[in-house]
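Student:
Residue numbers (my numbering), protein chains in the order written: chain A, 225 to 558; chain B, 5 to 280; chain C, 12 to 303.
#1: Strictly by DSSP, which residues pair up with residue 346 of chain A?
#2: Of all Cβ atoms in chain B, is any one closer than 7 Å to the Cβ of residue 279 of chain C?
#3: Give the DSSP bridge partners of residue 432 of chain A, in chain order.
#4: Excluding five sequence neighbours on each side, which residues of the same chain lie with their C-beta closer than 8 Å to the C-beta of residue 145 of chain C?
#5: Could you list which residues in chain A have their beta carbon closer than 7 Å to that of residue 200 of chain B, in chain order?
#6: Closer than 7 Å by beta-carbon distance: list the chain A residues that pair up with residue 16 of chain C, in chain order.
#7: Listed in chain order, which residues of the region 48-71 of chain C have Cβ atoms closer than 7 Å to some Cβ of chain B?
#8: Taking buried to mean at least 16 other C-beta atoms within 10 Å of its own C-beta, is residue 100 of chain C buried or exposed?
#9: To which residues of the same chain is residue 539 of chain A closer than 8 Å at the C-beta, ignoring the five residues directly before and after it?
#10: Taking its Cβ as the centre, do 16 or more other Cβ atoms sit within 10 Å of residue 96 of chain C, making it buried, or is it exposed?
#11: In chain order, what residues of the same chain lie with their CB nearer than 8 Å to the CB of residue 135 of chain B, ignoring the 5 residues before and after it?
#12: Is residue 35 of chain C close to chain B? Criterion is C-beta to C-beta, closer than 7 Å.
#13: Tell me the start and end of each unbroken alpha helix (DSSP H) in the region 82-130 of chain C that is at least 4 residues and wholly inside, in chain order.
#14: Who are the near neighbours of residue 485 of chain A in its chain, counting only those whose CB is closer than 7 Å to its CB and skipping five residues on each side?
#15: Which residues mark the beginning and the end of the beta strand (DSSP E) in which residue 229 of chain A is found?
#16: According to DSSP, simplified to helix, strand and coil, what is residue 373 of chain A?
#17: Which chain C residues sit within Cβ distance under 8 Å of residue 97 of chain B?
#18: Taking Cβ positions only, does residue 290 of chain A come closer than 7 Å to chain C?
#19: Does the region 510-524 of chain A touch the region 462-469 of chain A, meaning 3 or more C-beta pairs lie closer than 8 Å?
#20: I'd like to confirm the pairing. Which residues does DSSP put opposite residue 524 of chain A in its beta bridges?
#21: Who does residue 540 of chain A pair with in a DSSP beta bridge?
#22: Tell me which residue opens and which closes the alpha helix (DSSP H) that residue 204 of chain B is part of.
#23: With a CB to CB cut of under 6 Å and the five nearest residues on each side skipped, what residues in its chain are close to residue 295 of chain C?
#24: Give a yes or no on whether the C-beta atoms belonging to residue 261 of chain C and residue 190 of chain C are separated by under 7 Å.
#25: To the nearest whole angstrom, what separates the beta carbons of residue 476 of chain A and residue 549 of chain A, a pair I think is in contact under 8 Å?
#26: Between C:257, C:132, C:112 and C:105, which lies nearest to residue 186 of chain C when the distance is taken from Cα to Cα?
#27: Going along the chain, which residues of the region 176-194 of chain B sit with their C-beta nearer than 9 Å to a C-beta in chain A?
#28: Beta-carbon within less than 6 Å of residue 259 of chain B's beta-carbon, same chain only, minus the 5 sequence neighbours each way: which residues are those?
#29: On the CB-based measure, 16 or more other CB atoms within 10 Å of its CB, does residue 242 of chain B come out buried or exposed?
#30: Is the beta carbon of residue 374 of chain A sitting closer than 7 Å to the one on residue 323 of chain A?
#31: Taking the alpha helix (DSSP H) that residue 354 of chain A belongs to, which residues open and close that run?
#32: Return no unless some Cβ of chain C is closer than 7 Å to the Cβ of residue 278 of chain A.
#33: Relative to chain C, which residues along the region 458-488 of chain A have a C-beta separation below 8 Å, given in chain order?
#34: Kindly identify the DSSP beta-bridge partner or partners of residue 65 of chain C.
#35: Suppose you measure from the CA of residue 422 of chain A to the CA of residue 118 of chain B; what does that come to, to the nearest Å?
#36: So, are the CB atoms of residue 22 of chain B and residue 123 of chain C less than 7 Å apart?
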């Protein structure tokens, strides 16, 4: 009960095309993440699904029914906004009740659902407070609560965690994932953070300049990025790209190798270079090596601690099983 | 510019500021004071600053002579209704401009402002003519309409600047939550903008109350508000300072009190949001 | 950014305000323009029903040619200029004073603002009688106290008196806006200048004054628009006598006193043009602010 299909959906603002015609299927119960750099059209796409923007062309179907020209209220979708968009003049209880009040649900049912949502989201003690008196994480939960009680066909999240601090973000990420497991309702989630995408999604949609670069499960995207953009966007630290002679040796215009797929040695290896910055995280060490032909600096990830410092000479060897090859257009060579 | 200062400097500043403040306020103070004197004391030389026989007689005389209550009632009705009507027309317009801006929004806003700058005297005769034709001369209805129209641009502007500060996402959330446009405005926008709407209404009430061109030129007896009440005291009839003061006090007291409440919003309203 | 649905709703909701103001502007304006090209003296039997005589630009020429036109322009300019100078200069001074920390800021602020809320008819009457009356006014008492001959303010120094009254009304406005602007000045900027060794006067001219530039412009423009059409203050005090007949008042007299609608309308068109020139400047500033 939450299948969303986009058929040739297009959006332009005046003469500027933000999203060229695009097809996408979101299955019922799926957790789909739209990810891409800012300005890639991911939020616009979400707003098109929500009905907060008109499509310039194409059809949006929800559960097989054409919803293209339905107003937002009629689409049975709930949305959690980046700013949470709580109603500041209402208590938490009234905020959560608002969509049910608009739908004309009877009071007893409203109270039942509020109580259930509050319990699930740890908000029971805060029901009579106003949003202004809550912390960021609590506000976030109220926004989610307001979305849950409507029992929508699908949830839409627009960068919901970007206003939280790093520690809270990890916690909320888990909570949303758990919520999805529990409700098994379709969720469409927009973020610019590929870590969020990787950790939460069943299916990731990578967007770039309004165009879908690739759709797939997190590991599909990690293992077999369809082009250089996806390869560079998914994974942290970023994939190293090497051009020139080294790439030609592999019959490619560009080759890519992830930092975690490079071995470091102080004695021998395929390449050698000088350590620029070494970031010691404890669990990992990221080394930026200068002087590798065709790619400088090259980032290398080493598990645990390794005693290298600025100016040291190191040797690097790529793990050829994990080498990615791209043609002149940046497309993957299988 | 919060800075720590020496006590000495603060004392000097305090003295200077109070001196200036009292000097500026003096005419109002003097008017109120004089209204409690007898006519003879009012023109006493040297002026009496406190020690005189306080009397309320002037207020009684003024009320009796010119039926203050009727003028007051006209002022209240005209200012109140014109403000209310203006806000009712302006809220939807300001909603549109703030939340559904188009390329023409700015032009429309500026154009509205420009109608406010039309010198009233330039259209005095046509308006009088229209008033006669439609039987609006010396009616409260006529004045309500005119004052609403001359203040409408300010009301739209003020509301627009307040609405602009409400994040659009909240209204979109309401839309997602199933609220219709009307419900969105009634349950979400209006309660959130209450402080802005209130100060808009207050300022426009004041402006309408003090408006002295149309109220003087379009009324005679029936619909005349306090501006006309006071203007009727412009021809001196013997000793009348105390009565003039009583009448003046009655005309300005209500609005002075309201005005003090609205001083913070005044700046924004009168500069069309250009100074906040 | 919105949907077609909300855009059409927006147009619909904007319509009442736009239509009303359009009517309010166009109808009387068209009528004024129409009358300005006609001979229209209702007292001499001219009436709309019988048709009015087309006189071309005669009214315009006569209005400018009349012996009262240039003095009225001069009176208008002197009043507007005088009030602007007084309110802006004193306003800056007051704003700086009130911005300093002192005891009773709230109360003093209220005292200073008060005149703005006084009805123009009231302030004109109070000043005329209780202050400027050559026999019983406070100022006469004051003059006599110092052994001077009391002045007949409204006849001997009529323009100055009007400027005085109007300035009293508008000083609060200027002060309030300039004070708001000063308060938005970043104190760190001033402290940085102090660290750089700029003395008080320099700090005022190089930092405070430029910061106030925009606010001063706005004060000047908004006041100009209101001052160009001051009416009650003259109506109640001198009735346009003793050289206080402004352009607004002249037009008022042509229309109401001499019932020469054609001539008054031509004057009205001049006033509208004058106001529009000032308005154009104000619009540009406000418009720029809209983008910010």
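Beta carbons: idealized from backbone N, C-alpha and C, even for Gly.
Tutor: According to the structure shown:
#1: Taking the first chain and counting its residues from 1, one reaches residue 346 of chain A at position 122. In DSSP, residue 346 of chain A forms no bridge with anything.
#2: Position 268 of the third chain, counted from the start, is the residue given in the question as residue 279 of chain C. So yes, residue 279 of chain C belongs to the interface.
#3: Here residue 432 of chain A corresponds to residue number 208 of the first chain, with the count starting at 1. A:435, per the DSSP bridge assignment.
#4: Mapped onto the third chain, residue 145 of chain C falls at position 134. Cβ within range, chain order: 151, 161, 162, 163 and 164.
#5: The sequence position of residue 200 of chain B within the second chain is 196, counting from 1. Result: empty, since nearest Cβ-Cβ is about 13 Å, beyond 7 Å.
#6: Within the third chain, the letter at position 5 stands for residue 16 of chain C. Result: 295.
#7: none
#8: As a first step, residue 100 of chain C must be located in the third chain, where it is residue number 89. Exposed, by the Cβ-count rule.
#9: Reading the first chain from its first residue, position 315 is the one you call residue 539 of chain A. Here the set comprises 488, 489, 490, 491, 492, 493, 494, 495 and 496.
#10: Residue numbering aside, residue 96 of chain C sits at position 85 when the third chain is read from its first letter. Exposed is the call here.
#11: By 1-based counting over the second chain, the position of residue 135 of chain B is 131. Same-chain partners within the cutoff: 141, 146 and 222.
#12: As a first step, residue 35 of chain C is located in the third chain; it is residue number 24 there, counting from the start. So yes, residue 35 of chain C belongs to the interface.
#13: 116-124
#14: By one-based count along the first chain, residue 485 of chain A stands at place 261. Cβ contact annotation for residue 485 of chain A (same chain, cutoff 7 Å, sequence separation greater than five): 542, 543 and 546, in chain order.
#15: Position 5 of the first chain, counting from 1, holds the residue named residue 229 of chain A. From DSSP, the beta strand (DSSP E) with residue 229 of chain A extends over 228-237.
#16: Indexing the first chain from 1 puts residue 373 of chain A at position 149. When secondary structure is reduced to three states using DSSP, residue 373 of chain A falls in the coil class, being assigned neither helix nor strand.
#17: The count along the second chain starts at 1 and reaches residue 97 of chain B at position 93. Ordered by position in chain C, the residues that pass the 8 Å Cβ test against residue 97 of chain B are 24, 25, 27, 28 and 29.
#18: In the first chain, residue 290 of chain A corresponds to position 66, counting from 1. For residue 290 of chain A, the answer is no, since every Cβ of chain C falls outside 7 Å of its Cβ.
#19: yes
#20: Position 300 of the first chain holds residue 524 of chain A. Its beta-bridge partners are A:511.
#21: As a first step, residue 540 of chain A is located in the first chain; it is residue number 316 there, counting from the start. A:488 and A:495, per the DSSP bridge assignment.
#22: Locating residue 204 of chain B in the second chain gives position 200, counting from the first residue. Unbroken alpha helix (DSSP H) run through residue 204 of chain B: 194-214.
#23: Within the third chain, the letter at position 284 stands for residue 295 of chain C. Excluding residues within five positions, none has a Cβ falling inside 6 Å.
#24: The sequence position of residue 261 of chain C within the third chain is 250, counting from 1. The sequence position of residue 190 of chain C within the third chain is 179, counting from 1. Contact: no.
#25: The sequence position of residue 476 of chain A within the first chain is 252, counting from 1. The sequence position of residue 549 of chain A within the first chain is 325, counting from 1. Correct: roughly 4 Å between the Cβ atoms.
#26: Along the third chain, read from residue 1 onward, the residue named residue 186 of chain C stands at position 175. Closest option to residue 186 of chain C, Cα to Cα, is C:105.
#27: 176, 177, 178, 179, 180, 181, 182, 183, 184, 187, 191 and 192
#28: Mapped onto the second chain, residue 259 of chain B falls at position 255. Counting only Cβ-Cβ distances below 6 Å, and skipping sequence neighbours, we find 210 and 213.
#29: Counting from one through the second chain, the residue named residue 242 of chain B turns up at place 238. At residue 242 of chain B, the pLDDT of 48 sits below 50, so the modelled position is not reliable; the number obtained from the coordinates is stated separately. So residue 242 of chain B counts as exposed.
#30: If you number the first chain from 1, residue 374 of chain A lands on position 150. If you number the first chain from 1, residue 323 of chain A lands on position 99. Yes. Within cutoff.
#31: Locating residue 354 of chain A in the first chain gives position 130, counting from the first residue. Run containing residue 354 of chain A: none; DSSP gives neither H nor E here.
#32: Within the first chain, numbered from 1, the residue matching residue 278 of chain A stands at position 54. It does: the Cβ of residue 278 of chain A has a partner Cβ on chain C nearer than 7 Å.
#33: Along the region 458-488 of chain A, none of the residues has a CB nearer than 8 Å to a CB of chain C.
#34: By 1-based counting over the third chain, the position of residue 65 of chain C is 54. Answer by DSSP bridge pairing, in chain order: C:49.
#35: The residue given as residue 422 of chain A occupies position 198 in the first chain. The residue given as residue 118 of chain B occupies position 114 in the second chain. About 56 Å.
#36: Translated into the one-based positions of the second chain, residue 22 of chain B becomes position 18. Translated into the one-based positions of the third chain, residue 123 of chain C becomes position 112. Not in contact: residue 22 of chain B and residue 123 of chain C (Cβ atoms no closer than 7 Å).
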